[in-house]
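Counting in the working numbering, the final residue of the sequence shown is number 256, and the numbers go up one at a time with none missing.
Glycine is no exception: its CB is placed at the ideal position from the N, C-alpha and C atoms.
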Amino acid sequence: MRPRKGARRGFFAEGFWAIARRNGEAQREEARRSELRSKIAKQERRMEMGKKALWKISTAGLVLIPVAVGINYVGKTLASLLKLPLWLDSIGTVLGSMLAGPVIGAISGMINNIIYGFTLDPVSTVYFITSLAIGLVVGILSYRGWLKSFPRVLGLGLIVGVVSSIVSTPLNIIYWEGLTGNFWGDALFAYVIHLNAPLWLASFLDSIVVDVPDKLLTVLIGYFIYIGLPKNIKQLFADDEIEEL
């Protein structure tokens, strides 16, 4: 028995709409995949731009260097005049790293050590390595979000103190027989040596007992200056034209 024409038309219509639905679903799926690929590409571009921005040298950053060097110099001079048990010679380095990134902070710290070495204390020049490490650590961790909460800022200060001690200990051993020149640290050094501990351990403890509180206070001072700056000043360093390394 042959199907009626109406039945045939209904059959073909259902087939047509089924094919149309499948085509529509395929198009929507392709659109979703295209959107996902676009999002992934944008994310990769943002990550690449972020890597470049981390190591930027901007015009505003270059202008900041002498300011940071001056802050470092004033901090160290005041600490010496007031005979404080701290150095306070890295406030400008820390602030420069927070504002303009690790490269600017590291350059500021190194220049400060060179100037101080030529004017007041020749041995200070060799500690430019420590200043470089401080600038890099603060700049990188600030970029990674360590300034977003106060507990993280405290953690940043502790990390900087430990890194500073690790870098400075070999220099202290080479140039000062392990001593730091700080009364409290050198007293601990003498006690640890009296216990027949290795020289490197005594020197490291001598350094860390000074560096941790010093760098913690330094980071806090730099942080409070940073958050106290107007937004347009901070935005200046974020938006300035970038010279990539």
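With a threshold of 16 other beta carbon atoms within 10 Å, serine 45 falls short and is exposed. Under the DSSP assignment, proline 224 falls in the alpha helix (DSSP H) whose first and last residues are 210–239. Counting the other CB atoms within 10 Å of its CB gives tyrosine 186 a total below 16, which places it among the exposed residues. Under the three-state reduction of DSSP, serine 176 is assigned to helix. Judged by beta-carbon spacing, valine 105 lies within the 8 Å limit of valine 149, meaning their Cβ atoms are closer than that value. A straight line joining the alpha-carbon of proline 241 with that of aspartate 100 spans about 24 Å. In this structure, DSSP gives serine 91 a helical state, which the three-state scheme calls helix.
In the structure shown, serine 69 adopts extended strand secondary structure according to DSSP, grouped into three states.
Here the alpha carbons of isoleucine 115 and phenylalanine 235 stand approximately 19 Å from one another. The Cβ atoms of aspartate 225 and tryptophan 98 sit closer than 8 Å to each other. Excluding five sequence positions before and after threonine 141, the CB atoms of its chain that fall closer than 6 Å to its own CB belong to Ser175, Val178 and Ser179, given in chain order.
Within the same chain, Pro96, Val220 and Val221 come within 8 Å of tryptophan 195 by CB-CB distance, once the 5 residues on both sides are set aside. In the DSSP assignment, valine 105 falls within the alpha helix (DSSP H) that extends over 102–111. The stretch 72–89 and the stretch 110–127 touch, with three or more beta-carbon pairs separated by less than 8 Å. Out of Arg43, Leu110 and Ser214, the CA that lies nearest to the CA of serine 69 is found in Leu110. The Cβ neighbour count for leucine 47, taken over all protein chains shown within 10 Å, is under 16; the residue is labelled exposed. Three or more beta-carbon pairs drawn from the stretch 158–168 and the stretch 226–233 are found closer than 8 Å, and the two stretches are therefore classed as touching. Less than 8 Å separates the beta-carbon of valine 137 from that of leucine 182. Comparing C-alpha distances from isoleucine 184 to each of Phe200, Ile170 and Ile118 shows the shortest one belongs to Phe200.
Residues of the same chain with a CB within less than 8 Å of the CB of serine 135, apart from the 5 flanking positions on each side, are Asn124, Tyr127 and Gly128 in chain order.
Runs of the alpha helix (DSSP H) spanning 4 or more residues and lying entirely within the stretch 118–164 occur at 139–154, in chain order. If you look at glycine 196, you'll find it in the alpha helix (DSSP H) that goes 194–205.
Distance between alanine 90 and glycine 239, taken at the CA atoms: about 23 Å. In this structure, leucine 212 sits away from leucine 169, with a CB-CB distance that is not shorter than 8 Å. In the three-state reduction of the DSSP assignment, glutamate 40 falls in the helix class.
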